[in-house]
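In this text, residue positions in the sequence shown follow the UniProt record's numbering: the first is 1, and each later residue adds one. Just so you know, even glycine gets a beta-carbon here, dropped at the ideal spot from N, CA and C.
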Amino acid sequence: MKPFQYLRPKTVQEAVTMATDNPEAQYIAGGTNLVDLMKRGIASPSKLIDINHLPLKKIEHRYDRLRIGALVLNSDLAQHKAVLTRQPLLAQALLAGASGQLRNMATVGGNLLQRTRCSYFYDLALPCNKRKPGAGCGAEEGINRTHAIFFAGNGFGGIEKSSCIAVHPSDMCVALTALETTVVINGPDGERRVMMKDFHRLSTQQPELDTNLGPGELVTAIEVVDNAFAKHSHYLKVRDRASYAFALVSVAAALQMDGGRIWDARMALGGVAHKPWRYWSIDLMLRGQVPSEKLFREVAEHEMEGAKATAQNAFKIKLASNAMVAALKTAAGIS
């Protein structure tokens with residue numbers, strides 16, 4: 001690990017100024033991902049800006065939305081009464097991620113910004129476009145069992161030689177994408193808001209960039225608008241082992257039901273793309289329909305038409321389809 005300067009700002013604006021003035025600086029809070037990257041030599045910030053003492057730890061309901069500070073711990077968020085009653089899908093996703101010890105350290109903002117767990121990214125001896133743009137993607141012709149099945153170009157494009165086929169690792173972000181969350185960001189030009197679907201990037205010409213954050217920008221909160229999904233939502237995570245493993249495929253499914261029919265629906269997938277993968281057509285395909293396994297199977301097969309397997313992960317297409325059906329059935333309360 002290279003030497004670095006440690007900075008501790010007193011305000012959000014001071015933190016932003018520090019990061020803007022120092023292009024090689026990085027923010028640190030829980031550090032559950034950043035410290036690992038620094039130990040391996042993948043991240044080498046010249047300055048670490050410790051934001052732990054900034055006033056970004058509140059969870060509060062404001063008007064029609066739940067506002068969650070970027071420094072709220074994952075474990076606290078998963079157990080908070082307002083989350084359990086208003087947004088249980090988010091709590092389920094948080095509890096499916098990492099381990100209890102990590103959730104006690106990891107923050108909401110850090111979860112949003114965590115980097116891929118692709119083994120080619122972590123091994124400095126192997127080529128990786130995300131780590132070193134232009135070096136090539138070792139996973140393309142290598143071990144790619146856990147890698148993406150959806151890519152740039154609305155999911156119908158091929159795998160670009162200059163891109164990255166790694167998947168986004170977060171469970172929390174999948175639920176937040178399904179719930180159409182807003183990310184609140186502070187930067188040199190003040191505060192701005194970005195929809196969760198636009199926060200992370202697909203791997204096109206700049207695979208080294210995971211998000212659309214600008215220089216010096218700091219995530220300060222997320223906002224989840226009130227909805228009618230609390231009684232009919234489910235987060236399903238399929239993984240190689242039951243404890244502390246990243247998803248092969250995960251599904252965040254949320255339904256609004258009344259009179260035995262579906263009146264609104266949201267769904268996002270994890271473990272299948274460079275960012276949480278949001279299905280937009282499901283809203284229209286399920287609206288006004290009576291839930292059934294047949295209906296859900298038709299929807300899942302339709303949505304998987306854009307998937308493209310690599311050499312070792314063709315099983316993911318069927319797995320994702322089955323997981324979608326299972327998650328929708330659980331959310332709808334049918335056996």
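Are at least three pairs of beta-carbons, each pair with one atom in the region 140-147 and one in the region 221-228, less than 8 angstroms apart? no
Sorted by chain position, which residues of the same chain lie with C-beta nearer than 6 angstroms to ALA228's C-beta, five sequence neighbours on each side aside? GLN256
Taking THR20 and PRO215 to be in contact with their CB atoms under 8 angstroms, please state how far apart those CB atoms are, rounded to whole angstroms. 6 angstroms
Going by DSSP in three states, GLY157 sits in which element: helix, strand or coil? Because the pLDDT at GLY157 is just 39, under 50, the model does not fix this residue reliably, and the point stays unresolved.
Which complete beta strand (DSSP E) runs does the region 2-57 hold, if anything under 3 residues is left out? 5-7, 25-28, 47-50
Would you call the CB atoms of PRO207 and CYS173 closer than 8 angstroms? no
Which residues mark the beginning and the end of the alpha helix (DSSP H) in which SER163 is found? Looking at the DSSP string, SER163 is not in any alpha helix (DSSP H), and its letter there is neither H nor E.
What residue range is occupied by the uninterrupted beta strand (DSSP E) comprising HIS61? 59-62
Please work out which residues of its chain come closer than 8 angstroms, Cβ to Cβ, to ALA307, disregarding the five sequence neighbours upstream and downstream, and give them in chain order. ILE149, PHE150, GLY155, VAL272, LYS316, ILE317, ALA320
Does the separation of the CB atoms of ASP189 and HIS200 fall below 8 angstroms? no
For HIS232, does the three-state DSSP call read helix, strand or coil? coil
By alpha-carbon positions, which one of GLN205, LEU176, MET285 ends up nearest to SER233? LEU176
Would you mind working out which of PRO45, ARG40, THR17 sits nearest GLN5, comparing C-alpha positions? PRO45
Quick check on HIS302: does DSSP put it in helix, strand or coil? helix
Within 10 angstroms of the Cβ of LEU124, are there 16 or more other Cβ atoms? Answer buried if so, exposed if not. exposed
Check VAL83 in the structure and name its three-state DSSP category. helix
Please identify the residue among ASN313, ALA311, ALA265 whose C-alpha is closest to the C-alpha of PHE296. ALA265
Would you kindly check if the distance between the Cβ of LEU84 and the Cβ of ASN104 is under 8 angstroms? no
Given a threshold of 16 other Cβ atoms within 10 Å of its Cβ, counted over all protein chains shown, does LEU179 qualify as buried or as exposed? buried
CB of LYS132 within 8 angstroms of CB of PHE121, strictly: no
Please report the residue range of the beta strand (DSSP E) in which VAL219 lies. 218-225
Run the CB neighbour count on SER99, radius 10 Å, all protein chains shown included, and call it buried at 16 or more, exposed below. exposed
Exposure of SER250, with buried meaning 16 or more beta-carbon neighbours within 10 Å: buried
Short Cβ contact (8 angstroms threshold) for THR32 with ALA139: no
Can you find the residues in the same chain that come closer than 7 angstroms, C-beta to C-beta, to MET304, ignoring five residues on each side of it along the sequence? ILE317, ALA320, SER321
Which of helix, strand or coil DSSP assigns to residue 337: Summary: the structure shown does not reach residue 337, with the chain confined to residues 1 through 335, and so no result is reported for it.
Have a look at GLY158 and ALA152 and give me their C-alpha separation to the nearest angstrom. Low local confidence applies: a pLDDT of 45 at GLY158 is under 50, so the model's placement there is unreliable, and no value is given.
Do you know how far the Cα of ARG86 is from the Cα of VAL238? 25 angstroms
Rounded to whole angstroms, what is the Cα-Cα separation between LYS161 and ARG115? Any reading at LYS161 must be qualified, since the residue scores a pLDDT of 45, below 50, and its modelled position is unreliable; the value itself is stated next. One C-alpha to the other measures close to 20 angstroms.
When we look at the beta-carbon of TYR27 and count the other beta-carbons within 10 Å, is it buried (16 or more) or exposed? buried
Simplified DSSP assignment, three categories, for GLY259: coil
Can you tell me the Cα-Cα spacing of LEU56 and HIS80, whole angstroms? 16 angstroms
Closest residue to ASP226 among GLU191, ASP50, ASP64 (Cα-Cα distance): ASP64
Mind checking which residues open and close the beta strand (DSSP E) that includes THR182? 182-187
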